[in-house]
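*Asks:*
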Amino acid sequence: MNPAIDAPTIEYGTLAPLLIVFGAAIIGVLVEAFAPRYLRKSIHVPLTLLSLAGAFALVLVQVLRGQVSTAPSAMGALAVDGPSLFLWGVILVLSFVCVLLVNDEGHFVASAASVPGSADEEGAESVDNGSGHTEVYPLVLFAVGGMLLFPAANDLLMMFVALEVMSLPLYLLCGLARRRRLLSQEASMKYFLLGAFSSAFFLYGTAMVYGFAGTVSLSGINHALSAGSGLDPLLLIGLSMLGVGLLFKIGAAPFQAWKPDVYQGAPTPITALMASGTLVAAVGAVLRVFWVGLGNLDWDWRPVIWVIAALTMIVGSVLAITQTEIKRMLAYSSVAHAGFLLVGVMATFGTAEQNAVSLKAILFYLAVYGVTTVGAFAVVTLIRDPGGEAGHLSRWAGLGKRAPMLAGTFAFFLLAFAGIPLTSGFFGKYAVFAAAVSSGTQPGDPIGGWMVGLVVVGVIASAVAAFFYVRVIVLMFFSEPAADGPAIAVPSMGTVAVIAVSLLVTVGVGLYPESVLGIANDAASSLFIR
Amino acid sequence: MSPWLPILMAVPVVGAIVVALLPKGSDKLAKQVTLLVSLVVLVLTGVMAAGFDPDGDRFQFTAAYNWIPSFGVKFGVGVDGVALVLIALSAVLVPIVVLASWHDADGVKTADGTLITPKRSVKTYFSLLLVLETMMIGVFAATDIFLFYVFFEAMLIPMYFMIGSYGGAQRSYAAVKFLLYSLFGGLLMLVAVIGLYVVAGKSTFMFPELVGAIQDPTTQKWLFGGFFIAFAIKAPLWPVHTWLPDAAAQAPAGAAVLLVGVLDKVGTFGMLRFCLELFPDAAKAFTMPIVVLAVISIIYGAIVAIGQTDMKRLIAYTSISHFGFIVLGVFAMSSTASAGAALYMVNHGFATGALFLAAGFLIARRGSPFISDYGGVQRVAPVLAGFFLVAGLAGLSLPGLSSFVSEFMVMIGTYESQAHGSGALTVAAVISAIAVILAAVYILWMVQRTINGPTAEPVKAFKDLNVREIVVLAPLVALIIGFGFFPKPLLDVINPSVHQTLTNVQVPVSTIAEKGTGQ
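First to last, the sequence lines map onto chains A and B. With full-length UniProt numbering as the guide, the letters of the first sequence map in order to residues 1 to 530. With full-length UniProt numbering as the guide, the letters of the second sequence map in order to residues 1 to 519.
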């Protein structure tokens with residue numbers, strides 16, 4: 001007689017934000033299939049925005065009622081702890097504003113499958129009258145669902161599923177730019193191939209670690225580590241492969257090569273989503289794997305991350321100097337910022353208190369960096385040439401005279417990226433560096449002194465990075481405008497809202513960082529469920 | 001909790017917002033509002049300063065509000081004597097600069113109608129000026145080191161835009177060089193600020209609580225290094241001075257006055273307050289190398305100034321020489337020299353301010369900063385020539401003018417300092433005295449080539465100073481002469497504060513400071 005199979009316990013209340021986003025995505029697919037073409041957009045937009053807002057509201061409800069769970073959910077597959085909820089909130093807000101950008105006309109191709117420049121494509125354009133793909137909405141929702149799942153996954157297999165759910169829609173979305181189709185398709189292809197490789201690495205690493213620990217659950221791995229010697233070849237190979245898969249997603253050197261190409265080719269609203277949401281989710285996942293899963297193996301991975309963090313900061317800021325395309329420059333800047341975040345990951349060492357300090361720093365950094373990034377890309381969508389966005393930096397010359405408000409806003413975002421005081425970016429950088437220095441003084445840290453060294457590397461990288469941010473400001477404000485300068489598109493309500501909110505947050509948090517720090521502090525103090 | 005300093009800081013920034021929000025085409029109103037706001041700040045500063053008790057607590061008018069509890073940061077402000085006189089210096093210079101820059105953003109034309117700088121946004125210029133005033137007051141008033149750092153870095157941005165948008169032909173190069181140099185120094189200081197917080201382990205950035213918190217000599221040296229490099233770049237000290245001549249030469253004259261007169265003082269102010277008091281052992285250990293750098297700055301700045309062909313660059317190099325004197329005074333470890341250095345910070349602000357502005361009026365008439373384009377100004381514009389001469393003489397520290405008192409105090413104090421055995425600093429004082437002769441060469445030669453001699457052809461069309469320009473220069477010259485004969489009010493405020501500093505560094509406080517004031 002077969003034993004009865006117990007039904008799995010699912011904490012529906014805890015997982016509700018996730019379920020709403022996935023549910024709305026599936027409804028979106030049905031809308032695509034059954035609703036008439038002319039109605040689709042007017043159904044998709046409210047559906048997408050409402051589901052994201054609803055999910056955010058549910059996250060808030062959990063936090064406000066003090067119901068942050070302290071045990072894994074869904075039979076140990078997910079951990080919806082304080083940091084997870086914070087990251088969910090950040091991802092939901094960021095994706096909400098990115099959808100406002102997606103909603104703007106003219107970013108997406110009408111028929112992605114047709115050959116660029118062919119009669120088919122022309123035809124699709126004329127029928128649609130530029131309304132483009134409406135599939136982007138459910139695709140974005142699936143990607144956002146994956147982003148939510150990624151940092152909350154409590155075992156490696158669930159994390160792999162999340163990685164794929166997040167990445168596959170993004171591969172597609174990258175190829176949907178309406179202008180410069182070939183570049184967009186190239187970006188999509190590159191991202192897909194390299195992303196598939198990195199996923200394979202991750203999966204292979206999972207198998208290896210399973211071979212060592214006999215489980216894929218992160219806490220199980222940590223438990224096995226505390227028992228074993230920690231020098232098993234299976235473990236070390238598995239660990240490095242997991243690292244490759246994860247570091248690829250945050251774009252750490254030497255796995256950063258895809259970022260500039262993909263960021264440049266993708267439709268700018270999608271670039272904004274990747275640069276903010278994906279980074280937040282991936283850094284969350286990196287933290288969870290290294291801190292929860294490999295916490296007992298500090299000795300082995302921290303020196304490696306030290307080198308990668310230093311390399312990422314240097315590569316990102318030095319290569320950004322030579323860029324002449326605004327989106328490529330922001331891509332390299334995003335690489336440099338990934339390096340700063342890795343400094344924070346390094347700092348999760350020692351006492352629980354120190355861990356909470358570092359975690360708070362990273363959460364704060366992610367939140368403020370994400371908002372500023374979306375704002376910056378929103379500005380990029382507005383500066384247009386006849387052939388699409390005016391990406392080349394020389395086209396931005398003299399923008400300060402032609403559109404002082406817009407250029408001033410963009411300059412402020414750049415100063416925030418550079419970490420100038422009285423912007424939110426400064427406090428993010430300060431928090432991470434301070435956490436790193438204080439972790440260096442933790443007793444028993446064999447590489448404690450090196451942490452200060454890493455901060456010095458970070459500071460020098462910041463100084464280098466300041467150069468290319470400032471260069472854009474010089475172009476915009478101190479150069480004469482070109483005679484046939486780019487047109488400044490009349491922004492839609494959505495875009496105006498995105499830029500205004502980003503600016504408000506960047507200024508507001510810059511003046512009074514405690515507003516966000518307090519929340520990050522509460523989220524971090526409970527730490528990840530180990 | 002005294003509301004004085006927060007109010008002083010709030011007034012200009014509110015004014016800046018008002019100016020920025022004025023409707024298009026109200027350029028004149030923007031200028032008037034800016035002038036009014038800066039005068040209000042000056043009056044408020046005067047009233048506050050009158051209530052300062054030199055013999056009272058070290059920090060007065062203190063206030064502290066929780067700002068970022070998560071980082072242990074407070075919005076803590078308060079002034080000691082040195083901070084008070086530097087805030088007063090800023091409050092005096094800003095209205096003067098506003099008047100002096102009245103037409104700078106309108107598009108500067110020479111007498112014969114050549115456009116030097118095109119028309120630019122007047123509102124932006126004046127609101128940047130007011131934002132800068134808030135930050136200048138804030139940086140001297142901050143008693144929380146984190147708050148100090150925030151102002152220290154943030155004040156670069158308005159100055160960067162003032163140079164980059166309103167400066168001369170090479171303005172964008174000069175602005176970027178200025179910003180990157182300062183940012184680099186500031187970021188090193190950031191590491192030291194973090195290190196100070198972590199090592200001290202007091203969970204606060206409040207300066208009075210951190211004095212004496214770091215005992216380990218090695219840690220002191222590292223942290224001292226982080227602070228000192230930032231301040232040395234700001235001051236600027238040889239060999240990290242190269243940004244100053246470019247920035248000062250390209251900035252509009254008004255911005256150059258604030259840059260050299262006030263912003264650079266943050267460097268020497270920081271050395272006196274933070275480097276000495278937080279890391280006394282390191283400061284003593286590094287005294288000799290720093291004194292050597294200071295002496296090099298003094299001589300090098302003076303010699304290079306002699307060779308300049310551009311008036312603004314010349315004045316910038318003289319400032320490098322003068323900053324060498326200030327740094328020498330700060331690190332001579334004697335109360336006379338330190339009080340002299342603090343006094344020099346104020347006097348240099350007035351003297352160099354007058355010199356820059358007078359040179360700026362010359363340049364505005366001729367459209368060229370080059371000395372060789374002038375000659376015989378005295379015959380066509382005697383008032384302008386007279387002011388230029390007096391400002392120049394203040395620059396070479398003529399007895400009877402204010403800079404003389406401070407330079408003399410620094411040299412006497414250094415000469416008599418017993419730090420590092422008897423001989424070492426005496427030698428430094430003797431070498432730096434050579435600069436007095438060099439100063440006469442660079443100033444008098446410039447004056448001779450510009451205002452004396454036969455009148456150059458284009459100079460003949462010069463108009464003499466108008467009322468606005470006289471109102472700009474007269475108060476500065478009055479202050480230079482007034483404090484030259486009677487420096488006591490300033491010294492009375494500075495001395496107790498400097499003594500406090502030296503007590504914290506455990507240097508015996510002598511009474512030479514009082515002797516040095518003899519007229």
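Note that CB positions come from ideal geometry on N, CA and C, so glycine has one too. From a predicted model like this one, the values you see are computed outputs, not experimental measurements.
Can you give me the C-alpha to C-alpha distance between Q62(A) and T9(A), rounded to a whole angstrom?
*Replies:* Counting from one through the first sequence, the residue named residue 62(A) turns up at place 62. Counting from one through the first sequence, the residue named residue 9(A) turns up at place 9. Each residue's alpha carbon lies about 19 Å from the other.
*Asks:* Looking at A359(B) and the ligand FAD, is the gap between the Cβ and the nearest heavy atom below 7 Å?
*Replies:* For the structure depicted, the ligand FAD is absent and the ligand set is empty, with no information on it obtainable.
*Asks:* Taking C-alpha atoms, which residue in L504(A), Q67(A), V496(A) and A71(A) lies nearest to S219(A)?
*Replies:* The residue given as residue 219(A) occupies position 219 in the first sequence. With distances taken between Cα atoms, S219(A) lies closest to A71(A).
*Asks:* For the pair the region 230-244 of chain B and the region 180-187 of chain B, tell me if three or more CB-CB distances fall below 8 Å.
*Replies:* yes
*Asks:* Apply the 10 Å Cβ neighbour rule to T309(B) and answer buried if 16 or more other Cβ atoms are within range, or exposed otherwise.
*Replies:* Within the second sequence, the letter at position 309 stands for residue 309(B). Classification of T309(B): exposed, given that the 10 Å Cβ count is below 16.
*Asks:* Relative to chain B, which residues along the region 232-245 of chain A have a C-beta separation below 8 Å, given in chain order?
*Replies:* none
*Asks:* Could you compute how far the alpha carbon of I275(B) sits from the alpha carbon of L19(A)?
*Replies:* Taking the first residue of the second sequence as position 1, residue 275(B) is located at position 275. Taking the first residue of the first sequence as position 1, residue 19(A) is located at position 19. It is worth fixing the name first, because residue 275(B) is Cys in this sequence and not Ile. Cα to Cα, the separation comes out at about 57 Å.
*Asks:* Between M345(B) and T268(B), what straight-line distance do the alpha-carbon atoms span, to the nearest angstrom?
*Replies:* The residue given as residue 345(B) occupies position 345 in the second sequence. The residue given as residue 268(B) occupies position 268 in the second sequence. Cα to Cα, the separation comes out at about 8 Å.
*Asks:* Quick check on N129(A): buried or exposed, where buried means 16 or more other Cβ atoms within 10 Å of its Cβ?
*Replies:* Counted from its first residue, the first sequence places residue 129(A) at position 129. Bear in mind that a pLDDT of 49 at N129(A), under 50, signals an unreliable position, so the model cannot answer this.
*Asks:* According to a CB-to-CB cut-off of less than 8 Å, which residues of the region 167-196 of chain B neighbour chain A?
*Replies:* R171, S172, A175, V176, L179, L180, L183, F184, L187, L188, L190, V191, I194 and G195
*Asks:* Suppose you measure from the CA of G212(B) to the CA of V330(B); what does that come to, to the nearest Å?
*Replies:* Residue numbering aside, residue 212(B) sits at position 212 when the second sequence is read from its first letter. Residue numbering aside, residue 330(B) sits at position 330 when the second sequence is read from its first letter. For G212(B) and V330(B), the gap between their C-alpha atoms comes out near 19 Å.
*Asks:* Quick check: is the beta carbon of I96(B) nearer than 8 Å to any beta carbon in chain A?
*Replies:* Along the second sequence, read from residue 1 onward, the residue named residue 96(B) stands at position 96. Chain A, which has no Cβ nearer than 8 Å to the Cβ of I96(B), makes this no.
*Asks:* Note down, in chain order, every chain B residue with its Cβ under 7 Å from the Cβ of V437(A).
*Replies:* The residue given as residue 437(A) occupies position 437 in the first sequence. Correct list: I194, G195 and V198.
*Asks:* Tell me the rounded alpha-carbon separation between V507(B) and P280(B).
*Replies:* Reading the second sequence from its first residue, position 507 is the one you call residue 507(B). Reading the second sequence from its first residue, position 280 is the one you call residue 280(B). Each residue's alpha carbon lies about 10 Å from the other.
*Asks:* By Cβ distance, which residues of its chain are closer than 6 Å to residue 535(A), with the 5 residues on each side in sequence left out?
*Replies:* For residue 535(A) there is no data in the structure shown, the boundaries of chain A being 1 and 530.
*Asks:* Taking the C-alpha atoms as reference points, what is the distance between L29(B) and V286(A)?
*Replies:* As a first step, residue 29(B) must be located in the second sequence, where it is residue number 29. As a first step, residue 286(A) must be located in the first sequence, where it is residue number 286. So the alpha carbons of these two residues sit roughly 56 Å apart.
*Asks:* Under 8 Å between the Cβ atoms of V13(B) and V131(B)?
*Replies:* The residue given as residue 13(B) occupies position 13 in the second sequence. The residue given as residue 131(B) occupies position 131 in the second sequence. Going by C-beta atoms, V13(B) is nearer than 8 Å to V131(B).
*Asks:* On a Cα-Cα basis, can you pick out the residue from S172(B), I306(B), L8(B) and L84(B) that is closest to M446(B)?
*Replies:* By 1-based counting over the second sequence, the position of residue 446(B) is 446. Of S172(B), I306(B), L8(B) and L84(B), the residue nearest in Cα terms is I306(B).
*Asks:* Tell me, please, whether the CB atom of A500(A) is closer than 8 Å to any CB atom in chain B?
*Replies:* Here residue 500(A) refers to the residue found at position 500 of the first sequence. Nearest CB-CB separation between A500(A) and chain B: not below the 8 Å threshold.
*Asks:* So which residues on chain B does T441(A) lean against when the C-beta distance must stay under 7 Å?
*Replies:* Reading the first sequence from its first residue, position 441 is the one you call residue 441(A). Within 7 Å of the CB of T441(A), the CB atoms of chain B belong to V198, in sequence order along the chain.
*Asks:* Compare the C-alpha of A10(B) against each of S38(B), Q32(B) and D27(B) and name the closest.
*Replies:* For the purposes of this step, residue 10(B) is taken as the residue at position 10 of the second sequence. Among S38(B), Q32(B) and D27(B), the Cα nearest to that of A10(B) is on S38(B).
*Asks:* For V77(B), which three-state DSSP category applies?
*Replies:* If you number the second sequence from 1, residue 77(B) lands on position 77. DSSP places V77(B) in strand when its eight states are reduced to three.
*Asks:* Grab me the residues of M48(B)'s own chain with a C-beta within less than 6 Å of its C-beta, minus the 5 sequence neighbours each way, in chain order.
*Replies:* Residue 48(B) sits at position 48 when you count from the first residue of the second sequence. Closer than 6 Å at the Cβ level, and outside the excluded window around M48(B), lie W4.
*Asks:* Is the CB-CB distance between L190(B) and S335(B) below 8 Å?
*Replies:* Residue numbering aside, residue 190(B) sits at position 190 when the second sequence is read from its first letter. Residue numbering aside, residue 335(B) sits at position 335 when the second sequence is read from its first letter. Against a cut-off of 8 Å, the Cβ pair of S335(B) and L190(B) comes out as no contact.
*Asks:* Between N222(A) and G284(A), which are expected to be in contact by the criterion C-beta below 8 Å, what is the C-beta distance as a whole number of angstroms?
*Replies:* One-based indexing of the first sequence puts residue 222(A) at position 222. One-based indexing of the first sequence puts residue 284(A) at position 284. About 17 Å separates the beta carbon of N222(A) from that of G284(A), a gap too long to meet the 8 Å contact definition.
*Asks:* Report, in whole angstroms, the separation of the C-beta atoms of G339(A) and A309(A), which I expect to be a contact under 8 Å.
*Replies:* Here residue 339(A) corresponds to residue number 339 of the first sequence, with the count starting at 1. Here residue 309(A) corresponds to residue number 309 of the first sequence, with the count starting at 1. Confirmed, about 5 Å.
*Asks:* To the nearest angstrom, how far is it from the Cα of R402(A) to the Cα of L94(A)?
*Replies:* Along the first sequence, one-based indexing puts residue 402(A) at 402. Along the first sequence, one-based indexing puts residue 94(A) at 94. Rounded to whole angstroms, R402(A) and L94(A) show a C-alpha spacing of 29 Å.
*Asks:* The beta strand (DSSP E) that contains Y369(A), what's its start and end?
*Replies:* On the first sequence, position 369 is the one that residue 369(A) refers to. Segment A352 to V380 is the alpha helix (DSSP H) holding Y369(A); no beta strand (DSSP E) there.
*Asks:* Which word fits N103(A), buried or exposed, when buried means at least 16 other C-beta atoms lie within 10 angstroms of its C-beta?
*Replies:* The sequence position of residue 103(A) within the first sequence is 103, counting from 1. Residue environment: N103(A) is assigned as buried (16 or more neighbouring CB atoms within 10 Å of its CB, all protein chains considered).
*Asks:* So is G164(B) in contact with chain A if we call contact Cβ pairs under 8 Å?
*Replies:* For the purposes of this step, residue 164(B) is taken as residue 164 along the second sequence, with counting starting at 1. Chain A, which has a Cβ nearer than 8 Å to the Cβ of G164(B), makes this yes.
*Asks:* Please return the same chain residues whose Cβ sits closer than 8 Å to the Cβ of F22(A), not counting the five positions on each side in sequence.
*Replies:* Against the first sequence, residue 22(A) aligns to sequence position 22. For F22(A), where only same-chain residues beyond five positions count, the Cβ hits under 8 Å are L141, F142 and G145.
*Asks:* May I have a chain-ordered list of the alpha helix (DSSP H) segments no shorter than 4 residues that lie completely inside the region 24-99 of chain A?
*Replies:* 37-64
*Asks:* What do you reckon, are the CB atoms on P17(A) and L87(A) nearer than 8 Å?
*Replies:* As a first step, residue 17(A) must be located in the first sequence, where it is residue number 17. As a first step, residue 87(A) must be located in the first sequence, where it is residue number 87. No, Cβ-Cβ distance for P17(A) and L87(A) is not below 8 Å.
*Asks:* Taking a Cβ distance cut-off of 7 Å, strictly less, list which residues of the region 481-494 of chain A are near chain B, in chain order.
*Replies:* none
*Asks:* So which of T14(A), V97(A), F202(A) and K360(A) has the shortest CA-CA distance to F433(A)?
*Replies:* Numbered from its first residue, the first sequence carries residue 433(A) at position 433. Measuring from the Cα of F433(A), the nearest candidate turns out to be K360(A).
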